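**Q** Numbering-wise (the working numbering), the sequence shown opens with residue 766 and increments by one.
Virtual Cβ for every residue (Gly too), placed ideally from N, Cα, C.
These numbers come from a predicted model, not from an experiment.
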Amino acid sequence: MSTLALLGGKPEIDRELLPYRTIGEEERRAVDRVMQTGELSGYVGAWCEAFDGGTEVRAFEAAWAEQFQVGHAIAVNSNTSGLIAAVGAAGVSPGDEVIVPPYTMSATAMAPLIYGGIPVFVDIEPDTYCLDPNLVRQAITSRTRAIIVVNLFGHPAALHELRVLADEKGIVLIEDNAQGPLATERGRLAGTIGHMGVFSLNYHKHFHTGEGGVCTTDDEDFALRLRLIRNHGENVVEPLEIEDATNLIGFNFRLTELSAAIGTEQLKKAKSLVARREEIALRLSRVVEDLPGLTPPMVREDCRHAFYHWGGRYDEAETGVSRDTVVRALAAEGAPVWQGYVAPLYLLPAFQRRVAIGRDGFPFTLSDRTYTRGLCPVAERYHDSELLTVGVCSYELDDDDVADVIAAFEKVFSNLPALSNRAAEGQV
Ligand SMILES: Cc1ncc(COP(=O)(O)O)c(C=O)c1O
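#1: Roughly how many whole angstroms lie between the Cα atoms of residue 982 and residue 838?
#2: Could you name the residues of the same chain whose beta carbon sits closer than 6 angstroms to that of residue 1141, not counting the 5 residues immediately before and after it, in chain order?
#3: Using a Cβ-based criterion (distance less than 7 angstroms to any ligand heavy atom), does residue 845 qualify as near ligand 1?
#4: Assuming residue 880 and residue 858 make a contact with CB atoms under 8 angstroms, what is their CB distance in whole Å?
#5: Please name the residue or residues paired with residue 1104 in a DSSP beta bridge.
#6: What number of angstroms, rounded off, separates the C-alpha of residue 1113 from the C-alpha of residue 939?
#7: Does any heavy atom of ligand 1 sit closer than 7 angstroms to the C-beta of residue 870?
#8: Which term fits residue 1145, buried or exposed, when burial requires 16 or more other beta carbons within 10 angstroms of its beta carbon?
#9: State buried or exposed for residue 1104, treating a residue as buried only when at least 16 other CB atoms are found within 10 Å of its CB.
#10: For residue 1188, which residues does DSSP report across the bridge?
#11: Kindly provide the ranges of any beta strand (DSSP E) runs that are 3 or more residues long and lie completely inside the region 940-1002, ordered along the chain.
#12: Quick one: what's residue 894 bridged to in DSSP?
#13: If you drop the 5 nearest sequence neighbours on each side, which residues of the same chain put their C-beta closer than 8 angstroms to that of residue 910?
#14: In terms of alpha-carbon separation, which member of 788, 807, 813, 849 lies closest to residue 1002?
#15: Is the beta carbon of residue 1017 within less than 7 angstroms of some heavy atom of ligand 1?
#16: Taking the alpha-carbon of residue 1033 as reference, which of 783, 771, 792 has the nearest alpha-carbon?
#17: Would you mind working out which of 1055, 1067, 927, 1076 sits nearest residue 1046, comparing C-alpha positions?
#18: Helix, strand or coil, according to DSSP, for residue 812 in the structure here?
#19: Do you know whose CA, among 1115, 924, 1090, lies nearest residue 756's CA?
#20: From this set, 1087, 1154, 1009, 1098, which residue's C-alpha is nearest residue 778's C-alpha?
#21: Could you check if residue 1014 is buried or exposed, using at least 16 other CB atoms within 10 Å of its CB as the buried criterion?
#22: Given the structure, does residue 1024 come close to ligand 1, in the sense that its CB is under 7 angstroms from one of the ligand's heavy atoms?
#23: If you draw a straight line from the alpha carbon of residue 1149 to that of residue 1080, how long is it in whole angstroms?
#24: Taking only the alpha-carbon atoms, compute the straight-line gap between residue 930 and residue 1053 and give it to the nearest angstrom.
#25: Starting from residue 803, trace the alpha helix (DSSP H) both ways and give me its first and last residue.
#26: Expressed to the nearest angstrom, what Euclidean distance is found between the alpha-carbon atoms of residue 717 and residue 1009?
#27: My parser needs the beta strand (DSSP E) runs of 3 or more residues fully inside the region 860-918; what are they?
#28: In the DSSP output, which residue or residues are listed as bridge partners for residue 784?
#29: Sorted by chain position, which residues of the same chain lie with C-beta nearer than 8 angstroms to residue 869's C-beta, five sequence neighbours on each side aside?
#30: Using 10 angstroms around the beta-carbon of residue 826, count the other beta-carbons present and answer buried if the total reaches 16, otherwise exposed.
#31: Would you list the residues sitting across from residue 1017 in a DSSP beta bridge?
#32: Please report the distance separating the alpha-carbon of residue 747 from that of residue 833.
#33: Is there at least one non-hydrogen atom of ligand 1 closer than 7 angstroms to the beta-carbon of residue 838?
#34: Return the CA-CA distance between residue 875 and residue 1049, expressed in angstroms with no decimal places.
#35: Considering only DSSP beta bridges, list what residue 837 is partnered with.
#36: Would the beta-carbon of residue 967 be found less than 7 angstroms away from any heavy atom of ligand 1?
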């Protein structure tokens, strides 16, 4: 095998990998169709037929509800908006606690703050990188109003277990399923096992509308509240004679007709897009299983992983080479790899310097919580030294690309002694 690119050899992938692209002729035709109508949004922010959007939004929602086997699909303009709507619909009020994982995109933990809720960070499981249900149980207090669980990288969290726990405690389980469309746990689709689910349609996801999102629920009351928060609900509390108007000061979270038309086309391709990501990831996992010091992502029994990212666990103690050196060696071979994902969210300035962020400590006015390093040791460990990801949703990988990515892994991991020596000499 040739010398590592990091040590002057030829890289396994010496070409630019193409960015992941799911948009084609069908989406272009759908956009043209809407453009010809001139009606780029069908919403009116007052009680009338158009309160729930135009024909494209409604058609998209109906298609989504059918595909995801769920009672209601409510299109929004991002997953972030969807999370805010879901937290609002759950009735989260100032001082209420919302359990969240620290290892996720920041919007998960910011959504409760909009309503004066207090994010309570609970650590992740070491094998799935998702909320640890045992620690969630211990963290529930009389102030807990909701749990936001994230199906990180596309692997379902312990969703059924968390739903049973939430029902037992009378709290609301919201799934942030931005990364896990068509993942399943015990045969049920992720995003539909909690009381509400939220999906992202941003450009980076398996399928997308540029920006966008969808909330799902089987509950009539949550569905209505999600619709009201999406579109200036304050205007329809009276005409609809809604008694409990908690959090019904609405927003403009409306998806355009153009985006909805694209979404309907993307949805038709969803199964094959996710299946391809899964195929690539499992191919890589089968090879990585035999490499020293790297454990492929677990796919728990009874689960389907949607593989937004392929996230492996790297063990520096076993190889004697730092993760940083290995990732640099892989990147030098042209492999699309990253390390660490995000720092645990409680380390963000929003939590560390919160008095400086809002006047009088807002939005933490009602919280005396402290968010210190060490709060979630598993997430910290993964971020600091153990997680290594491959962007299976970031690049348009054909079979040759996949073979070359695998060859890059095999090359780097069979050259660990050389890397270790060079690292000891301070040369890499
Ligand atoms: C887990 C998670 N939550 C929330 C978001 C926010 O999604 P959006 O960009 O659609 O608002 C993302 C986006 O990457 C995400 O991965």
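**A** Short version:
#1: As a working mapping, residue 982 is identified with position 217 in the sequence shown. As a working mapping, residue 838 is identified with position 73 in the sequence shown. As the crow flies, the alpha-carbon of residue 982 is around 7 angstroms from that of residue 838.
#2: Against the sequence shown, residue 1141 aligns to sequence position 376. 867, 886, 888, 1109.
#3: Mapped onto the sequence shown, residue 845 falls at position 80. Taking non-hydrogen atoms of ligand 1 into account, the C-beta of residue 845 is found less than 7 angstroms away from one of them.
#4: For this step, residue 880 is matched to residue 115 along the sequence shown. For this step, residue 858 is matched to residue 93 along the sequence shown. Approximately 6 angstroms separates the beta-carbon atoms of residue 880 and residue 858; this is inside 8 angstroms, confirming the contact.
#5: Within the sequence shown, the letter at position 339 stands for residue 1104. 1153.
#6: In the sequence shown, residue 1113 corresponds to position 348, counting from 1. In the sequence shown, residue 939 corresponds to position 174, counting from 1. If I take the Cα positions, the gap works out to 23 angstroms.
#7: Locating residue 870 in the sequence shown gives position 105, where the first residue counts as 1. At least one heavy atom of ligand 1 is nearer than 7 angstroms to the Cβ of residue 870, so yes.
#8: Working through the sequence shown from its first residue, we reach residue 1145 at position 380. Residue burial is scored here from C-beta neighbours: residue 1145 has at least 16 other C-beta atoms within 10 angstroms and is therefore classed as buried.
#9: In the sequence shown, the residue the question calls residue 1104 occupies position 339. By the neighbour-count rule (16 or more Cβ atoms within 10 Å), residue 1104 is buried.
#10: Here the question's residue 1188 lines up with position 423 in the sequence shown. Answer is none; residue 1188 lacks a bridge partner.
#11: DSSP assignment within the region 940-1002 yields the following whole beta strand (DSSP E) runs of 3 residues or more, N-terminal first: 961-965, 978-982.
#12: Here residue 894 refers to the residue found at position 129 of the sequence shown. For residue 894, DSSP assigns no beta-bridge partner whatsoever.
#13: Within the sequence shown, numbered from 1, the residue matching residue 910 stands at position 145. Counting only Cβ-Cβ distances below 8 angstroms, and skipping sequence neighbours, we find 855, 856, 857, 858, 861, 862, 863, 882, 936, 937.
#14: Locating residue 1002 in the sequence shown gives position 237, where the first residue counts as 1. The shortest C-alpha separation from residue 1002 is found at 813.
#15: Here residue 1017 is taken as the residue at index 252 of the sequence shown, counted from 1. No, since every heavy atom of ligand 1 falls outside the 7 angstroms radius drawn around the Cβ of residue 1017.
#16: Mapped onto the sequence shown, residue 1033 falls at position 268. The shortest CA-to-CA distance from residue 1033 to any of 783, 771, 792 is the one to 792.
#17: Translated into positions along the sequence shown, residue 1046 becomes position 281. With respect to the C-alpha of residue 1046, the residue from 1055, 1067, 927, 1076 having the closest C-alpha is 1076.
#18: Locating residue 812 in the sequence shown gives position 47, where the first residue counts as 1. DSSP, read as helix, strand or coil, puts residue 812 in coil.
#19: A query on residue 756 cannot be resolved here, the shown segment of the chain reaching from 766 to 1193 and no further.
#20: On the sequence shown, position 13 is the one that residue 778 refers to. Of the candidates 1087, 1154, 1009, 1098, the one whose C-alpha sits nearest the C-alpha of residue 778 is 1098.
#21: Counting from one through the sequence shown, the residue named residue 1014 turns up at place 249. Flag for residue 1014 reads exposed.
#22: For the purposes of this step, residue 1024 is identified with residue 259 of the sequence shown, where counting begins at 1. No, since every heavy atom of ligand 1 falls outside the 7 angstroms radius drawn around the Cβ of residue 1024.
#23: In the sequence shown, the residue the question calls residue 1149 occupies position 384. In the sequence shown, the residue the question calls residue 1080 occupies position 315. Each residue's alpha carbon lies about 12 angstroms from the other.
#24: Taking the sequence shown and counting its residues from 1, the one referred to as residue 930 is at position 165. Taking the sequence shown and counting its residues from 1, the one referred to as residue 1053 is at position 288. So the two alpha carbons sit approximately 35 angstroms from each other.
#25: One-based indexing of the sequence shown puts residue 803 at position 38. That residue, residue 803, is in no alpha helix (DSSP H); it is neither H nor E in DSSP.
#26: In this structure the chain extends from 766 to 1193, so residue 717 is not present and cannot be described.
#27: Fully enclosed beta strand (DSSP E) runs of 3 or longer: 862-865, 883-886, 909-915.
#28: Looking up residue 784 in the sequence shown gives position 19. Note: residue 784 sits in a beta bridge opposite 1160.
#29: Here the question's residue 869 lines up with position 104 in the sequence shown. Hits under 8 angstroms: 915, 917, 941, 1107, 1110.
#30: Position 61 of the sequence shown, counted from the start, is the residue given in the question as residue 826. Buried is the label assigned to residue 826, since at least 16 other Cβ atoms lie within 10 Å of its Cβ.
#31: Taking the sequence shown and counting its residues from 1, one reaches residue 1017 at position 252. Under DSSP, residue 1017 shares a beta bridge with 996.
#32: With the chain covering only 766 through 1193, there is no way to say anything about residue 747.
#33: Numbered from 1 along the sequence shown, position 73 holds the residue referred to as residue 838. It does not: the Cβ of residue 838 is nowhere closer than 7 angstroms to a heavy atom of ligand 1.
#34: One-based indexing of the sequence shown puts residue 875 at position 110. One-based indexing of the sequence shown puts residue 1049 at position 284. Taking the CA atoms as reference points, residue 875 sits about 34 angstroms from residue 1049.
#35: Counting from one through the sequence shown, the residue named residue 837 turns up at place 72. Beta-bridge analysis with DSSP links residue 837 to 982.
#36: What you label residue 967 is simply residue 202 of the sequence shown in a count that begins at 1. Correct: residue 967 has its Cβ closer than 7 angstroms to ligand 1.
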